[in-house]
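**Q**
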Amino acid sequence: MSRTVITFGTFDVFHVGHLRVITRAAELGDRLVVGVSADALNVRKKGRAPVFSQQERLEIVAALKPVSAVFVEESLEQKRDYILEHGADVLVMGDDWEGRFDEFRDVCEVVYLPRTPAISTTALIEKISGTP
Numbered sequence: 001m002s003r004t005v006i007t008f009g010t011f012d013v014f015h016v017g018h019l020r021v022i023t024r025a026a027e028l029g030d031r032l033v034v035g036v037s038a039d040a041l042n043v044r045k046k047g048r049a050p051v052f053s054q055q056e057r058l059e060i061v062a063a064l065k066p067v068s069a070v071f072v073e074e075s076l077e078q079k080r081d082y083i084l085e086h087g088a089d090v091l092v093m094g095d096d097w098e099g100r101f102d103e104f105r106d107v108c109e110v111v112y113l114p115r116t117p118a119i120s121t122t123a124l125i126e127k128i129s130g131t132p
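Letter 115 of the sequence shown, counting from 1, is numbered 115 in UniProt numbering, and no numbers are missing.
Written out as structure tokens, the structure reads:
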């Protein structure tokens, strides 16, 4: 029986940390579905618009070999709906979210993967722009 894995992220200024979490998530099943945060959701979450547009980020993630399908994540409150809609058996999130999604254990397995140390989109943007 095939296992569907789902994960979510902004995936802005795509870097090796993004690639590693997607690769490791894909290894947990047969099919990987990725929710890419909408531009508006990113503004609400992080207080700034992404560097790359929603459409560009969808295209980048969709082009990755381990990814079976992508969709736009419009709201953090709809995670349960997305899990059910995509028939996910496993939800994968970074360990910076440890415990925050345990409520979904009633509908799927929840796995928190370690983040790649010393790399983040915010840090990259700050480095590029020269802001501390």
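We put the CB at the ideal spot given by N, CA and C, even for glycine. Note that this is a predicted model, so its numbers are computed, not measured.
Would you call A40 buried or exposed, if buried means 16 or more other Cβ atoms sit within 10 Å of its Cβ?
**A** exposed
**Q** Roughly how many angstroms separate the alpha carbons of V16 and A62, rounded to a whole number?
**A** 16 Å
**Q** Are R115 and G94 closer than 8 Å when you measure CB to CB?
**A** yes
**Q** If you count every other CB in all the chains shown that lies within 10 Å of the CB of Q78, and 16 or more means buried, which is it?
**A** That one is exposed.
**Q** Taking only three categories from DSSP, how would you classify E74?
**A** coil
**Q** Quick check: the Cα distance between D106 and I60, rounded to an integer number of angstroms?
**A** Each residue's alpha carbon lies about 32 Å from the other.
**Q** Is it buried or exposed for Q55, if we count other Cβ within 10 angstroms and need 16 for buried?
**A** exposed
**Q** Identify whether R24 lies in helix, strand or coil by the three-state DSSP scheme.
**A** helix
**Q** Using beta-carbon positions only, say whether H18 and G29 come within less than 8 Å of one another.
**A** no
**Q** Using DSSP with H/G/I as helix, E/B as strand and the rest coil, what is A62?
**A** helix
**Q** Which value, in whole angstroms, describes the spacing of the CA atoms of M1 and V36?
**A** 26 Å
**Q** Among G47, R3, N42, which has the Cα closest to the Cα of E27?
**A** Answer by Cα proximity: R3.
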